[in-house]
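Note that the protein sequences, when read in sequence, are chains A, B, C and D. Going by the working numbering, the residue at position 136 of the first sequence is 136; the numbering climbs one at a time, nothing skipped. The number in the working numbering is simply the position in the second sequence, starting from 1, with 206 added. The number in the working numbering is simply the position in the third sequence, starting from 1, with 412 added. The number in the working numbering is simply the position in the fourth sequence, starting from 1, with 618 added.
4 protein chains.
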Amino acid sequence: MAKNDKQELIVDAALEVFCEKGFANTRMGDIAKKAGVSYGLVYHYFESKEVFFDHIVERWWKTLYDMLEAEKSSSAGFEGKLERIIRFFLDTYASKFNLLSIFITEVSRSSLYRTDAGLARFRKFFSLCDEIMAEGQKRGILRSDVAPHYLTYIFLGAIEAFISIMVLGKEKITKQREQRTINGIIQVFLHGAMAQNGHGGTRSKT
Amino acid sequence: MAKNDKQELIVDAALEVFCEKGFANTRMGDIAKKAGVSYGLVYHYFESKEVFFDHIVERWWKTLYDMLEAEKSSSAGFEGKLERIIRFFLDTYASKFNLLSIFITEVSRSSLYRTDAGLARFRKFFSLCDEIMAEGQKRGILRSDVAPHYLTYIFLGAIEAFISIMVLGKEKITKQREQRTINGIIQVFLHGAMAQNGHGGTRSKT
Amino acid sequence: MAKNDKQELIVDAALEVFCEKGFANTRMGDIAKKAGVSYGLVYHYFESKEVFFDHIVERWWKTLYDMLEAEKSSSAGFEGKLERIIRFFLDTYASKFNLLSIFITEVSRSSLYRTDAGLARFRKFFSLCDEIMAEGQKRGILRSDVAPHYLTYIFLGAIEAFISIMVLGKEKITKQREQRTINGIIQVFLHGAMAQNGHGGTRSKT
Amino acid sequence: MAKNDKQELIVDAALEVFCEKGFANTRMGDIAKKAGVSYGLVYHYFESKEVFFDHIVERWWKTLYDMLEAEKSSSAGFEGKLERIIRFFLDTYASKFNLLSIFITEVSRSSLYRTDAGLARFRKFFSLCDEIMAEGQKRGILRSDVAPHYLTYIFLGAIEAFISIMVLGKEKITKQREQRTINGIIQVFLHGAMAQNGHGGTRSKT
DNA sequence: CATGAATGAGGGTTCATTCAT
DNA sequence: CATGAATGAACCCTCATTCAT
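Structure (structure tokens):
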């Protein structure tokens, strides 16, 4: 446990530093200093800077996949799935800002991740969402004249844009704002941005 | 003219190398070599690697702003504006892949750009789009129960997600695919992803 | 102790190289090679070439100040004080040639030291000597119709000229020559260069 | 004449820049800019930075030698010779500060000048003064129990110390101060720093 | 004479990584 | 486990110098 304590200490420090300075500008020494451990101990646990970073990112991808898998398998209502996906990101923003910030600024489209492995991670993320969209189509909830991955791009793109702006501006999030954001995205995603289509105003004022 | 030739040569080489390797992994020597000029000449034109990169990025931001300003001021139909915005990105993808790739992977959310100046660039980009959306609301085309910047996030987020996937996968784009993408985004953005709302299938099969 | 060993090794090597080539023509690699350590170790102990040099120079100034402070506070005879000051420089010349050579050629009047801080160092050096001269005046030993700092300039100027010539010519110094030099400076400084003033020949033949 | 104009313009600019930044920190471009000429023109007149600097320094040495030769050959009174030597430096300080500053900080003891040629320049300077001192001894004015070069060191050392302090502090010089300085140096040099030796107060209050 | 674009060797500095203690 | 001294390859940048125009 003492072992894991130190290791966790280092990981937490890394999250902070990677978030604050970015991968390229983070020194292994910065992490050690922030964690309050010696220089070499970081190398005791992680063989290299890159492996260390991958370790962190990998954990995040897994969390993301797990969440999406859960929604996919779930028998819950479709709109609820969308809501939970959005809420997942917003909750993570509130509780693990560093992690989400790293994901947005260093991973999601970084040139660091323009390898086959990186592309694969990314595609799996979108694929899982595709399947949820396809299921929505099969259930007759979503229109079928648009390919499911188009729906995915629009839905995830919207979420990412929101999160990105929040991350870059280090904005605060409140429960109220969270709900407004969820409603806004779902409203427009499902019913469109056009006026007078008869459902826009019924749900909420965003 | 001979003067600008060399400088342009260097800029083109830089676009290629920055695109291929990313800012952090680009060596000034790589750029010089690719441009077929001496090491020092790069510094004759650009005082540092960072300034050089900024120069490139700044030109891009200006192009982007100009395009959005033009749409904002234009008296054209609203849907046409949306279409031209999307088309702008897709055309740039086709004609200046390197530039757009750099924008996506190194700029749009990069930690490099998490400065006040960087944030300002970003906000101006979103702001201009906000104004177009607000105008759509005033014209009665867009629903008014959603704040304009929400619409912006969804619209631009969708475009960026499309472009990102294309950039990461280095995908080819055809005229046909371009049109399908434009229609897809506009359809879902304006009319929503839901089935049986009566306008989805009329425009095109995507 | 092993720790200080390496550091001391590097400092000694630096003294040699700075002395031989001067600050501007000294390469950090030269120092490392001369010390028999790796390139990076120099930077482990000293953050930059300039800081390293300052560290060396600072130690020297301190030694100099300490010596002058000691003479100032001492209750010894005035002529003895002058003699010990001169002897201090000649002894340092014999035992730490490199250090004194660096002081003469790189510090004492170098443009490197034309900063406020550099000027302050210099003035403190002269100030301490001023006080000793002023004390000599108060004791009635030195003439009072000349400002003490004039006396300082002449006394220290003489020492520096001697040392400079020796440094530039890399001359050997013997005990005999040391004593002759001390006598020569003191004789002329105290009794003047004129003939037939009745005290020139009594002390020694220089 | 137009030719010499440009050349002189460049030399003057060089004096300013070398004085302000020192040899090592002066860029050929700085000189060109200060002179208001193009980069390459400096090279049209001076084949290299070092040759350029030598050219400047060489002119100074010649001026110095000429002055000392003139005093040596002159049949004027000995004390007048000393006075004119001191006055020469003080006048140069007033009229050609840059030149004298460069001499003090970059030449007189610089490691740049620790070559055989440099040492030779220096020795010739001292030698000429030696001869004047020897003549003073032969005339029976100066004491003969001290070797002439000792007298030289003390006399020139005093002058250099005065000038150095003035240069480092960029001090102003007035006619009055000039005379006081001359008297002070000559008084102490000739009659010594000791009190009650019967000639201190007769000349002036310094 | 005059310009300034072009060259490229060289130097200071960084920092991931290793390893003896 | 833990430390931090030690390594050295790599990279950005400088700037004296050349030369075509």
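All residues carry an ideal CB built from backbone N, CA and C; glycine is no exception. Small disclaimer: the values here were computed from a predicted structure and weren't measured.
Strictly below 9 Å CB to CB, what residues from chain D border residue i?
i        : result
C:Met479 : By Cβ distance, chain D contributes nothing, its closest Cβ being about 18 Å from C:Met479, past 9 Å.
C:Gly604 : Arg761, Gln805, Val806, Phe807, Leu808, His809, Gly810, Ala811, Met812, Asn815 and His817
C:Ile577 : Phe740, Arg741, Phe744, His767 and Tyr771
Would you mind telling me which residues of chain D sit closer than 8 Å to residue i, beta carbon to beta carbon, in chain order?
i        : result
C:Ala570 : Tyr771, Ile772, Gly775 and Ala776
C:Gln588 : By Cβ distance, chain D contributes nothing, its closest Cβ being about 14 Å from C:Gln588, past 8 Å.
When the distance is taken between beta carbons, is residue j closer than 8 Å to residue i?
i        : j        : result
C:Leu568 : C:Glu481 : no
A:Phe164 : B:Arg320 : Looking at the sequence provided, one finds Ser at residue 164 of chain A rather than Phe. No, they are not a contact pair.
A:Val17  : A:Lys34  : yes
C:Asp472 : C:Phe515 : Before going further, note that residue 472 of chain C is Trp rather than Asp in the sequence given. Yes. Within cutoff.
C:Ile468 : C:Val449 : no
C:Tyr565 : D:Ala779 : yes
C:Tyr363 : D:Val785 : Nothing can be reported for residue 363 of chain C: it is not among the residues displayed for chain C, which extend from 413 to 618.
C:Leu554 : D:Gly787 : no
B:Met234 : B:Val257 : no
C:Ala607 : D:Gly758 : yes
B:Glu312 : A:Ser111 : yes
C:Gly604 : D:Gly810 : yes
In chain A, what lies closer than 9 Å to residue i by C-beta?
i        : result
B:Gly283 : Per Cβ cutoff of 9 Å: no residues; B:Gly283 is ~13 Å from chain A at best.
Out of the options, which one is the CA nearest neighbour of residue i?
i        : options                                   : result
D:Met685 : D:Leu659, D:Leu700, D:Ile674 and D:Leu808 : D:Leu700
D:Glu689 : D:Asp648, D:Cys637, D:Phe715 and D:Asp748 : D:Asp748
B:Ser301 : B:Tyr271, B:Ile391, B:Asp218 and B:Asn389 : B:Asp218
B:Phe173 : B:Ser280, B:Leu305, B:Phe294 and B:Thr269 : Residue 173 of chain B lies beyond the stretch modelled for chain B, which goes from 207 to 412, so this question has no answer here.
B:Gly342 : B:Val248, B:Ser279 and B:Ala238           : B:Ser279
D:Ala694 : D:Ile804, D:Ala813 and D:Ile750           : D:Ile750
A:Lys62  : A:Arg121, A:Ile159 and A:Gly140           : A:Arg121
A:Ile85  : A:Asp30, A:Asp145, A:Ala195 and A:Asn183  : A:Asn183
A:Leu64  : A:Val51, A:Asp91 and A:Ile141             : A:Asp91
B:Ile365 : B:Arg293, B:His397 and B:Glu312           : B:Arg293
A:Lys172 : A:Gly40, A:Phe97, A:Phe46 and A:Ala147    : A:Phe97
A:Phe78  : A:Thr174, A:Gln176, A:Thr181 and A:Lys138 : A:Lys138
D:Thr799 : C:Ile598, C:Pro560, C:Cys431 and C:Arg589 : C:Pro560
C:Asn416 : C:Ile443, C:Lys461 and C:Tyr457           : C:Tyr457
A:Lys175 : A:Ser48, A:Tyr93 and A:Lys21              : A:Tyr93
A:Ser101 : A:Lys21, A:Arg177 and A:Ile31             : A:Lys21
D:Glu626 : D:Ser666, D:Ile649, D:Ile804 and D:Arg795 : D:Ile649
C:Ala529 : C:Ser460, C:Asp466 and C:Ile597           : C:Asp466
Counting only Cβ pairs nearer than 9 Å, list the residues of chain C close to residue i.
i        : result
D:Phe780 : Tyr562, Tyr565, Ile566 and Gly569
List, in chain order, every chain A residue whose beta-carbon is nearer than 7 Å to that of residue i.
i        : result
B:Leu325 : Leu168 and Gly169
Would you mind telling me which residues of chain B sit closer than 7 Å to residue i, beta carbon to beta carbon, in chain order?
i        : result
A:Phe122 : Leu374
Run through chain C and tell me which residues come within less than 7 Å of residue i, C-beta to C-beta.
i        : result
D:Gly802 : Val558 and Tyr562
Near-chain B residues of the segment 39-64 of chain A (beta-carbon distance less than 9 Å), N- to C-terminal order: none
Residues, ordered as in the chain, of the segment 288-322 of chain B that lie near chain A by beta-carbon distance below 9 Å: Residues passing the 9 Å Cβ filter: Ser307, Ile308, Ile310, Thr311, Glu312, Ser314, Arg315, Ser316, Ser317, Leu318, Tyr319 and Arg320.
Positions along the segment 415-446 of chain C whose CB lies within less than 8 Å of some CB in chain D: Lys433, Gly434, Phe435, Ala436 and Asn437
Start-end ranges of the alpha helix (DSSP H) lying completely within the segment 663-699 of chain D, minimum 4 residues: Annotation: the segment 663-699 of chain D contains the following complete segments of the alpha helix (DSSP H) (minimum length 4 residues), in chain order: 667-691.
Residue ranges of each alpha helix (DSSP H) within the segment 307-392 of chain B, 4 or longer: 322-344 and 354-375
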